[in-house]
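2 protein chains.
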Amino acid sequence: MNSFDMKALQREILLGFWKVHVLHHASERPVIGQWMIQELRRHGYDVSPGTIYPLLARMEERGWLKCTTDPDGGLRARKEYSMTRKGQEVLDLLRKQAEELYREVVLGEDEKETE
Amino acid sequence: MNSFDMKALQREILLGFWKVHVLHHASERPVIGQWMIQELRRHGYDVSPGTIYPLLARMEERGWLKCTTDPDGGLRARKEYSMTRKGQEVLDLLRKQAEELYREVVLGEDEKETE
DNA sequence: CCAAGTTATTACGATTATCATAATCGGATA
DNA sequence: TATCCGATTATGATAATCGTAATAACTTGG
Numbered sequence: 001m002n003s004f005d006m007k008a009l010q011r012e013i014l015l016g017f018w019k020v021h022v023l024h025h026a027s028e029r030p031v032i033g034q035w036m037i038q039e040l041r042r043h044g045y046d047v048s049p050g051t052i053y054p055l056l057a058r059m060e061e062r063g064w065l066k067c068t069t070d071p072d073g074g075l076r077a078r079k080e081y082s083m084t085r086k087g088q089e090v091l092d093l094l095r096k097q098a099e100e101l102y103r104e105v106v107l108g109e110d111e112k113e114t115e
Numbered sequence: 116m117n118s119f120d121m122k123a124l125q126r127e128i129l130l131g132f133w134k135v136h137v138l139h140h141a142s143e144r145p146v147i148g149q150w151m152i153q154e155l156r157r158h159g160y161d162v163s164p165g166t167i168y169p170l171l172a173r174m175e176e177r178g179w180l181k182c183t184t185d186p187d188g189g190l191r192a193r194k195e196y197s198m199t200r201k202g203q204e205v206l207d208l209l210r211k212q213a214e215e216l217y218r219e220v221v222l223g224e225d226e227k228e229t230e
């Protein structure tokens with residue numbers, strides 16, 4: 001298959017992409033950790049709970065997502081993360097960056113100069 | 116300005132984008148650490164040497180980039196990183212991912228189903 | 001009603017990446 | 001030769017990620 005270290009690539013770069021996907025999905029419907037794990041597996045990537053859950057928790061801490069749980073659901077009830085105003089701002093910026101990235105590295109357009 | 120923690124955003128997500136830019140640039144002409152720092156500054160982002168140089172060194176370790184230096188240039192001669200075959204494979208995969216990301220979060224296309 | 005699976009999250013210790021800042025090196029400038 | 005500039009290196013602290021195991025609550029079958 002690939003001749004390179006996929007684990008390193010996931011950690012250094014792809015995980016960042018997936019975080020953008022998470023924010024995007026969260027802006028349409030609530031996201032839960034387990035869904036994210038399965039979704040990535042479906043795409044052929046394997047990411048451990050020890051990565052996913054802390055990641056969502058950090059996004060909540062930072063105010064990018066808000067978390068709701070069934071209060072009667074017990075200690076490990078499923079957590080639904082949905083978008084906040086701040087998260088939306090982050091996502092807006094990320095969309096711009098994702099577009100720049102696409103234009104430059106996929107389409108091969110030159111960077112626009114800041115004059 | 117922004118109401119969110121830009122430092123966290125840079126660290127968790129944007130830095131990954133910039134790594135893709137680095138690989139892309141390296142596939143066209145050699146890249147050096149100082150250039151990268153200035154380029155990011157030009158775009159309004161501030162990243163420290165303690166991030167950039169280890170990052171390039173890791174890419175070399177992993178065989179994604181190869182490094183050439185003027186052998187008579189002394190201990191801190193400028194290092195030029197250029198693309199390797201393995202790095203090109205990494206970049207190819209990243210281009211696909213960047214395109215998926217763009218289609219989904221910028222254009223709002225639905226994911227393609229794996230049936 | 002109990003045992004066994006299923007769906008989820010949490011805990012944890014080890015490893016790796018990132019950060020800010022200071023130090024260093026060598027060439028150019030004056 | 002003293003100073004500045006372009007670059008990289010060193011370092012110690014902090015933060016993110018990893019794999020694995022533990023836990024909790026529901027569901028299902030006998």
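If you read the protein sequences in the order shown, they are chains A and E.
Here this note's numbering is used: the first residue of the first sequence is 1, the next is one more, and so on.
Here this note's numbering is used: the first residue of the second sequence is 116, the next is one more, and so on.
Heads up, the beta-carbon is just placed ideally off N, CA and C, and yes, glycines get one too.
If you're wondering where the values come from, they're calculated on a predicted model, not measured in any experiment.
- I52/A is positioned such that its CB atom lies closer than 8 Å to that of G33/A.
- Pairing G44/A with M6/A, the inter-Cα distance amounts to about 11 Å.
- Just measuring C-alpha positions, the residue of G87/A, D70/A, D110/A sitting nearest E28/A is G87/A.
- Put simply, the segment 50-64 of chain A does not touch the segment 166-186 of chain E. Fewer than three CB pairs are less than 8 Å apart.
- DSSP places M83/A in the uninterrupted beta strand (DSSP E) bounded by 79-83.
- About 15 Å separates the Cβ atoms of V205/E and L15/A, ruling out a contact at the 8 Å cut-off.
- Cβ neighbours of L94/A within its own chain (closer than 6 Å, five residues either side excluded): V20.
- Pairing L101/A with A77/A, the inter-Cα distance amounts to about 38 Å.
- Against V90/A, the close residues of chain E are F119, L124, in the order they occur along the chain (beta-carbon pairs closer than 7 Å).
- Closest option to L56/A, judged by alpha-carbon separation, among R85/A, E104/A, P30/A: P30/A.
- Neighbours of G148/E in chain A, taken as residues whose beta carbon is under 8 Å from its own, are absent, since the nearest beta carbon is some 17 Å off.
- Only those residues of the segment 208-220 of chain E whose C-beta falls short of 7 Å from the nearest C-beta of chain A are listed: L209, R210, Q212, A213, E214, L216, Y217, E219, V220.
- Under the 8 Å criterion on CB atoms, E224/E is classed as non-interfacial with respect to chain A.
- Between the alpha carbons of A26/A and N117/E lies a gap of roughly 20 Å.
- Of all residues in the segment 41-52 of chain A, only R42 place a beta-carbon less than 7 Å from a beta-carbon of chain E.
- Within the model, the alpha-carbon separation for L138/E versus P71/A is close to 47 Å.
- Excluding residues up to 5 positions away in sequence, A26, S27 lie with their Cβ nearer than 6 Å to the Cβ of M83/A in the same chain.
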